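Take a look at the structure set out below.
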DNA sequence: GCAATAGTGTCTGTCAGACAATATAGG
DNA sequence: CCTATATTGTCTGACAGACACTATTGC
């Protein structure tokens, strides 16, 4: 930094304009029993008390956006590391009636067992199945299904959830994000189940197997699944490097 | 809104936390003479005085993010309507040395003649060719080429420019964004030139023609281009509805 | 051996790339 | 007719879907 720049910095007045609050909202996604699922929190306070919302929080003044997402993943969702990706920023003026809040939405992909652990650790979290009226290229509205039908969502969180599903559907067959929804070792059938749940269509087994193996993302472990009363499938692992 | 909610709103204190500034930065893109191009502004003030930056500005407290992008498109880039899409939000803590600024980046796609008009209207704008070290699936770094080599970019605007190119490259062959880079009527050769510039690779002419016509995005006008000393190509138009 | 699923071989339709043939404007 | 490019036809290789076949485990 030059001396001029240092002088300029000293005199700069950052309080000239009224500033919005910036929040991060997290779409926690998994595939459970062959269907896409998400974790929501029930709002106890106004606004939208009684509705369900994405876990979220305000970005601190000295905290990067990505760091805020990971902090909320730990604090609000009781998760350790996970695949986290920025989704979109929502900035309608009236999306929060309290005040101007711009929300940077992220989504996190987690294996089903991590969902179970988080639900046990925090009773405030609710598991919902995501229902999408697929197939339809545009990826229409989604619904978070509770025990007694669709849950009412707070703010614009329904839009965020829908966009997250759309993004995931768009990425899953040309990027290795699907592996983040499975445990370390998994069978090709389990991987196919995940893809079918996300895409909402049944897939051809031999073609799926060929495609996955050709991409070079998979590494055979030589191990077999246990507990089946029929021929056990081989367990594969995600190969991190394209080598 | 219930009475409870109204009461709650009244008592809510929005000034509890220090808030970041939120800005919108615009990547104005076109294809000129067979190469991707962008419009930049030269910074006169600190920080990064003398470097080139994306046109941008702060989001007003009562202005939606998308509206801010369109306002800046008009005010700073002297453009009317255009294809505008949100790109990504950049939120590193130290990306602006003055203060905490979170930038929501947008990109706009414009036909080459609109670029020329904007350059005439505002002498502060600079036209740069975008050089990308392609082909390479990951889409390496980009450089904004001036008369005498690469221009130094301010803040993290090089990252933003690179991500914009990557996004455009990823979308162009499965979405109709390419038409936004051309005038109302255009030849298939011009469309192919745009695709080749964005993708950085030569394309097969018959295959390109077939693919485009099969997608149903194009409408033949029956008119022909003029001014060529050889067989004139038919002019096509973008068909808005998939009908 | 039986049941049930894992894993493989093969055919076929679709589609993009390659390449060549035909069409048409100005001169 | 000549030049240069538009436009079309055809062949071919890559690849996904369909479907049937073989393999392997527990019982």
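Residue numbers (the numbering used here), protein chains in the order written: chain L, 1 to 243; chain R, 1001 to 1243. Virtual Cβ for every residue (Gly too), placed ideally from N, Cα, C. This one's a predicted model, so the numbers in the text were calculated from it and none came from an experiment.
Check	Outcome
In whole angstroms, what is the alpha-carbon distance linking residue 155 of chain L and residue 61 of chain L?	23 angstroms
In terms of alpha-carbon separation, which member of R:1069, R:1092 and R:1065 lies closest to residue 90 of chain L?	R:1065
From what residue to what residue does the alpha helix (DSSP H) around residue 79 of chain L run?	Premise fails: residue 79 of chain L is in no alpha helix (DSSP H) and is neither H nor E.
So what's residue 96 of chain L in DSSP terms, helix, strand or just coil?	coil
Verify whether the separation of the beta carbon atoms of residue 31 of chain L and residue 112 of chain L is less than 8 angstroms.	yes
Since I believe residue 1208 of chain R is in contact with residue 1219 of chain R (beta carbons under 8 angstroms), could you give me their beta-carbon distance rounded to a whole number of angstroms?	No, residue 1219 of chain R and residue 1208 of chain R are not in contact; Cβ-Cβ is about 17 angstroms, not under 8 angstroms.
List the residues of chain L that residue 1232 of chain R touches, going by C-beta distances under 8 angstroms, in chain order.	Here the premise fails: no neighbours, minimum Cβ distance about 36 angstroms.
Excluding five sequence neighbours on each side, which residues of the same chain lie with their C-beta closer than 6 angstroms to the C-beta of residue 152 of chain L?	51
Beta carbons nearer than 9 angstroms to chain R: which residues of the region 72-92 of chain L have them?	86, 88, 89, 90, 91 and 92
Under a three-way DSSP split, which group does residue 1119 of chain R fall into?	helix
Taking DSSP's pairing of strands, which residues face residue 1086 of chain R in a bridge?	R:1106
How long is the line joining the alpha carbons of residue 1081 of chain R and residue 1183 of chain R, rounded to whole angstroms?	13 angstroms
Thinking C-alpha only, which one of L:240, L:238 and L:222 is nearest residue 232 of chain L?	L:222
Could you check the C-alpha separation between residue 1169 of chain R and residue 46 of chain L for me, to the nearest Å?	43 angstroms
Going by DSSP, what residue range makes up the alpha helix (DSSP H) through residue 1222 of chain R?	Counting along the chain, residue 1222 of chain R falls outside any alpha helix (DSSP H), though it belongs to the beta strand (DSSP E) covering 1218-1224.
Reducing DSSP to helix, strand and coil, say where residue 1155 of chain R ends up.	coil
With a cut-off of 8 angstroms, does the C-beta of residue 4 of chain L fall near any C-beta of chain R?	Only weak support is given to the placement of residue 4 of chain L: the predicted model assigns it a pLDDT of 47, under 50, and the question is left unresolved by the model.
Which first and last residues belong to the alpha helix (DSSP H) in which residue 1194 of chain R is found?	1188-1199
With a threshold of 8 angstroms between beta-carbons, can residue 61 of chain L be considered close to chain R, or not?	yes
Do residue 1068 of chain R and residue 1101 of chain R come within 8 angstroms of each other at the CB atom, strictly closer than that value?	no
How long is the line joining the alpha carbons of residue 137 of chain L and residue 181 of chain L, rounded to whole angstroms?	Because the pLDDT at residue 137 of chain L is just 49, under 50, the model does not fix this residue reliably, and the value given afterwards should be weighed accordingly. Taking the straight line from one Cα to the other gives about 23 angstroms.
As a quick exercise: from R:1086, R:1063, R:1097 and R:1074, pick the residue whose alpha carbon is nearest that of residue 94 of chain L.	R:1063
When you compare each of R:1189, R:1227 and R:1195 to residue 1175 of chain R by their alpha carbons, which one comes out closest?	R:1195
Going by beta-carbon coordinates alone, are residue 1178 of chain R and residue 1191 of chain R separated by less than 8 angstroms?	yes
List the residues of chain L that residue 1017 of chain R touches, going by C-beta distances under 8 angstroms, in chain order.	21, 58, 60 and 61
Give the secondary structure of residue 1 of chain L by DSSP, where H, G and I count as helix, E and B as strand, and everything else as coil.	Residue confidence for residue 1 of chain L is low, a pLDDT of 47 falling below 50, so the modelled location carries little weight and cannot support an answer.
Show which residues of chain L have a CB atom less than 8 angstroms away from the CB atom of residue 1064 of chain R.	91, 92 and 93
Run the CB neighbour count on residue 33 of chain L, radius 10 Å, all protein chains shown included, and call it buried at 16 or more, exposed below.	exposed
Does residue 1214 of chain R come out as helix, strand or coil in the three-state DSSP assignment?	helix
In chain order, what residues of the region 1101-1115 of chain R put their CB closer than 7 angstroms to some CB of chain L?	1102 and 1104
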